[in-house]
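Working notes for the structure below.
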Amino acid sequence: MVGEEKMSLRKRLSKSSEDAEEKEERQGDRSEEPLEILSNGRNDLKQLIAKKIQLTAEAEELKPFFMKEVGNHFDDFVTNLIEKSTSLDNGGCSLTSFSVLGENHHRAKDQRARPEHGKIFVIRRSLLDELFEVDHIRTIYHMFIALFILFILSTLVVDYIDEGRLVLDFNLMSYAFGKFPVVIWTWCTMFLCTLSVPYFLFQRWARGYHRSSHPVVYSLLYCFLFVVFQTVVLGFGPPYVVLAYTLPPASRCIIILEQIRLIMKTYSFVRENVPRVLNSAKEKSSTVPIPTVNQYLYFLFAPTLIYRDNYPRTPSVRWGYVAMQFAQFLGCLFYVYYIFKRLCGPLFRNIKEEPFSARVLVLCVFNSILPGVLIQLLIFFAFLHCWLNAFAEMLRFGDRMFYKDWWNSTSYSNYYRTWNVVVHDWLYYYAYKDFLWFFTKKFRSAAMLAVFAVSAVVHEYALALCLNFFYPVLFVLFMFFGMAFNFLVNDSRKRPIWNVLMWASLFTGHGVILCFYSQEWYARQRCPLKNPTFLNYIQPHSWTCRYTS
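Here this note's numbering is used: the first residue of the sequence shown is 1038, the next is one more, and so on.
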């Protein structure tokens, strides 16, 4: 079919060129004719206009086939290029980043790439930066800005009607980010500990490993010290500060997310460098491969969770681009603020005194879908695009593929791979791939289940500490429904209807999350307990709380 379209395209183009040459000859002949023959000139002009209209129509008809063909060839070219570069890096064993998850046949253990052969970094732009160069996609961005302006205007108008004056009230924002000095000194303490302790432990272990008479015992000792640091300092320290100082939600979120990020980065640093030291000792090399402090420091700020001694770098820093990304990030924060102010606040503050029932729950879920989806898109754009690109530009970090075209996904397995590439790479190489390496191909489903369990637990842990209560709605959705959809709606689903179903399920899921957690939050605010116990933190209040507006 494509071949026929190509032949038809060539025939039409050749025909149009021949017609154009004939017209030029006729026009040359007519230029020699007397100028008084105006009627013939008008006829020729009409024919020329009609022919141009015909050619334009044919070009518009062929444009979709041409663009589809170019897109297919470009995708094939990029895929082959990545596979070839991965093959060279793995010593001839062609293994793409997601082939273990996607291929149907299984390879033997000795044919798989070793775990240390991981992600390949190349210079590439973020997908939205490329798409925003297209006017049609840029218009969607402008529509979100227009909606943001309308949110601001509606808030000002309502406040003017109610108060008789313009009110710029940011009490909700100031509350959410309250006690910010505590956040700053907590982050500085976490960062300095992460910068010094893991590097010092690894350096001492690496330099003394080849001289030790009992290398296994020596390694277990330093492994124990590293685990103690991860557990006590980074594990229990931040939650203690969050609970002891009763920080508000946004301040809690900053500390907890930074805690998780630093734990993942220190693990990656050790995981990537320990095999190099072991190989050096095995080969009896005179030099020990220990990264410099500058390389480790760069990694702690770099927008990736996979350690490398060196990354592809851009030639210069575009400070205007950095300022634009931070401005968009702040704009997204205020966007979320106005969504809570105009859509979420009235919805949950005005819940009437009626028992918790299916009717109340269904209405709440459907009313929460719109704000839930808007918040999801804003969080994606703010963190995965603006925040990461700003730091990547300041550090001249070349690989900007922090996400892929997750919005085109027709399966949940593809959505999980493309929504957050930064976290997915860490889970893939250090959880899924290492699991398969140790337990062979027979436990492929168990490895995927383990990855889902780790991800679900970490997500629920972050939400529980940020909101100060345990309500495992996200865990249930992620661990059960998400995992089931991952196996049922797999990569074999390619038709557009599956993309529609995926979006519908995402809309519903975000409505459920926003509804349940917001109801629980307001219930705990309106029905506080005098002497709460541990069971009160894990027992839902929204099921039993009765309060008036």
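In this text, a Cβ means the ideal position worked out from N, Cα and C, and glycines have one as well.
Taking the alpha helix (DSSP H) that VAL1171 belongs to, which residues open and close that run? Within the sequence shown, residue 1171 is the residue found at index 134, counting from 1. Counting along the chain, VAL1171 falls outside any alpha helix (DSSP H), and DSSP gives it neither H nor E.
If distances are taken between C-alpha atoms only, which option among VAL1314, VAL1264, TYR1333 comes closest to VAL1325? The residue labelled residue 1325 in the question sits at position 288 within the sequence shown. Across the set VAL1314, VAL1264, TYR1333, the C-alpha of VAL1314 shows the shortest separation from the C-alpha of VAL1325.
Within the continuous alpha helix (DSSP H) that includes ALA1364, where are the two ends? Taking the first residue of the sequence shown as 1, we reach residue 1364 at position 327. 1356-1376 is the extent of the alpha helix (DSSP H) around ALA1364.
Please go through the same chain and pick out, in chain order, the residues whose beta-carbon is closer than 6 Å to the beta-carbon of SER1136, but skip the five residues on each side of it. Translated into the one-based positions of the sequence shown, residue 1136 becomes position 99. Low confidence applies here, because SER1136 scores a pLDDT of 34, under 50, leaving its location unreliable; read the following figure in that light. Here the set comprises nothing.
Helix, strand or coil at PHE1439 [DSSP, three-state]: Within the sequence shown, residue 1439 is the residue found at index 402, counting from 1. It is coil, neither helix nor strand.
Taking the alpha helix (DSSP H) that ARG1202 belongs to, which residues open and close that run? On the sequence shown, residue 1202 is found 165 positions in, with the first residue counted as 1. Here ARG1202 belongs to no alpha helix (DSSP H), and DSSP marks it neither H nor E.
On a Cα-Cα basis, can you pick out the residue from ASN1426, VAL1397, PHE1420, VAL1373 that is closest to LEU1411? Here residue 1411 refers to the residue found at position 374 of the sequence shown. Nearest option by C-alpha distance: VAL1373.
Across the stretch 1272-1285 and the stretch 1344-1361, are there enough close Cβ pairs to call them in contact, namely three or more that are closer than 8 Å? Contact fails: fewer than three Cβ-Cβ distances are below 8 Å.
For PHE1434, three-class secondary structure by DSSP: By one-based count along the sequence shown, residue 1434 stands at place 397. Residue state, collapsed to three classes: strand.
State the Cα-Cα distance for the pair TRP1224 and GLY1201, rounded to the nearest angstrom. Within the sequence shown, residue 1224 is the residue found at index 187, counting from 1. Within the sequence shown, residue 1201 is the residue found at index 164, counting from 1. Straight-line measurement puts the Cα of GLY1201 at about 43 Å from the Cα of TRP1224.
ARG1386 - DSSP class collapsed to helix/strand/coil: Taking the first residue of the sequence shown as 1, we reach residue 1386 at position 349. DSSP places ARG1386 in helix when its eight states are reduced to three.
For ARG1161, the residue or residues it bridges with in DSSP: Counting from 1 along the sequence shown, the entry for residue 1161 is found at position 124. In the DSSP output, where bridge partners are listed per residue, ARG1161 has ASP1436.
Buried versus exposed, by CB contacts within 10 Å (16 or more), ASN1310: Along the sequence shown, read from residue 1 onward, the residue named residue 1310 stands at position 273. Looking at its Cβ environment, which holds 16 or more other Cβ atoms inside 10 Å, ASN1310 is buried.
Report the rounded CA-to-CA distance for ILE1157 versus TYR1465, giving the unit in angstroms. If you number the sequence shown from 1, residue 1157 lands on position 120. If you number the sequence shown from 1, residue 1465 lands on position 428. Going from the Cα of ILE1157 to the Cα of TYR1465 covers about 13 Å.
Assign ASN1573 to buried or exposed, taking buried as 16 or more other Cβ atoms, counted over all protein chains shown, within 10 Å of its Cβ. Numbered from 1 along the sequence shown, position 536 holds the residue referred to as residue 1573. By the Cβ neighbour-count rule, ASN1573 is exposed, with fewer than 16 other Cβ atoms within 10 Å of its own.
If we call anything under 8 Å between Cβ atoms a contact, is LYS1441 one with LEU1164? Here residue 1441 refers to the residue found at position 404 of the sequence shown. Here residue 1164 refers to the residue found at position 127 of the sequence shown. Contact flag set, yes.
Beta-carbon separation (whole angstroms), PRO1218 vs CYS1503, contact threshold 8 Å: Taking the sequence shown and counting its residues from 1, one reaches residue 1218 at position 181. Taking the sequence shown and counting its residues from 1, one reaches residue 1503 at position 466. About 19 Å separates the two Cβ atoms, so there is no contact after all.
Nearest by alpha-carbon distance to TRP1444: which of SER1542, VAL1549, MET1516 is it? For this step, residue 1444 is matched to residue 407 along the sequence shown. Cα-wise, what sits closest to TRP1444 is SER1542.
When DSSP labels each residue in this structure, what does ARG1350 get in the three-state scheme? Here the question's residue 1350 lines up with position 313 in the sequence shown. Note: ARG1350 maps to strand in three-state DSSP.
Taking the Cβ atom as the reference point for each residue, do CYS1423 and PHE1366 lie within a distance shorter than 8 Å? Along the sequence shown, one-based indexing puts residue 1423 at 386. Along the sequence shown, one-based indexing puts residue 1366 at 329. Result yes, Cβ atoms of CYS1423 and PHE1366 sit closer than 8 Å.
Secondary structure of GLY1129, DSSP reduced to three states: Residue mapping note: residue 1129 aligns to position 92 of the sequence shown, counting from 1. For GLY1129, the pLDDT reaches just 35, beneath the cut-off of 50, and the residue's location in the model is therefore unreliable, although a value from the coordinates is still provided. Coil.
Among SER1448, ARG1350, PHE1553, which residue has its Cα nearest to the Cα of ARG1532? As a working note, residue 1532 is residue 495 in the sequence shown. It is SER1448.
Report the option in ALA1427, LEU1232, LEU1193, LEU1092 whose CA atom is closest to the CA atom of ASN1360. One-based indexing of the sequence shown puts residue 1360 at position 323. Residue identity differs from the one stated: residue 1360 is Ala in this sequence, not Asn. For ALA1360, the nearest C-alpha among the options comes from ALA1427.
Unbroken alpha helix (DSSP H) runs of length 4 or more, entirely within the stretch 1507-1538: which are they? 1510-1513, 1520-1525
Compute the distance between the beta-carbons of CYS1369 and LEU1415, then report whether it is under 8 Å. Within the sequence shown, numbered from 1, the residue matching residue 1369 stands at position 332. Within the sequence shown, numbered from 1, the residue matching residue 1415 stands at position 378. Going by C-beta atoms, CYS1369 is nearer than 8 Å to LEU1415.
Of the choices VAL1549, ALA1087, THR1231, ASP1436, whose alpha-carbon is the least far from that of PHE1263? Start at 1 with the first residue of the sequence shown, and residue 1263 comes out as number 226. Looking at VAL1549, ALA1087, THR1231, ASP1436, the one whose alpha-carbon comes closest to that of PHE1263 is THR1231.
Keeping to the same chain, check which residues put their C-beta closer than 6 Å to that of ASP1462; ignore five residues upstream and five downstream. Here residue 1462 refers to the residue found at position 425 when the sequence shown is read from its first residue. Sequence-distant partners of ASP1462 (beyond 5 residues in either direction) whose C-beta falls short of 6 Å from its own C-beta, in its chain, are LYS1156, ILE1343.
C-alpha distance - TYR1348 paired with VAL1159, whole-angstrom precision: For the purposes of this step, residue 1348 is taken as the residue at position 311 of the sequence shown. For the purposes of this step, residue 1159 is taken as the residue at position 122 of the sequence shown. Looking at the two C-alpha atoms, the distance is approximately 8 Å.
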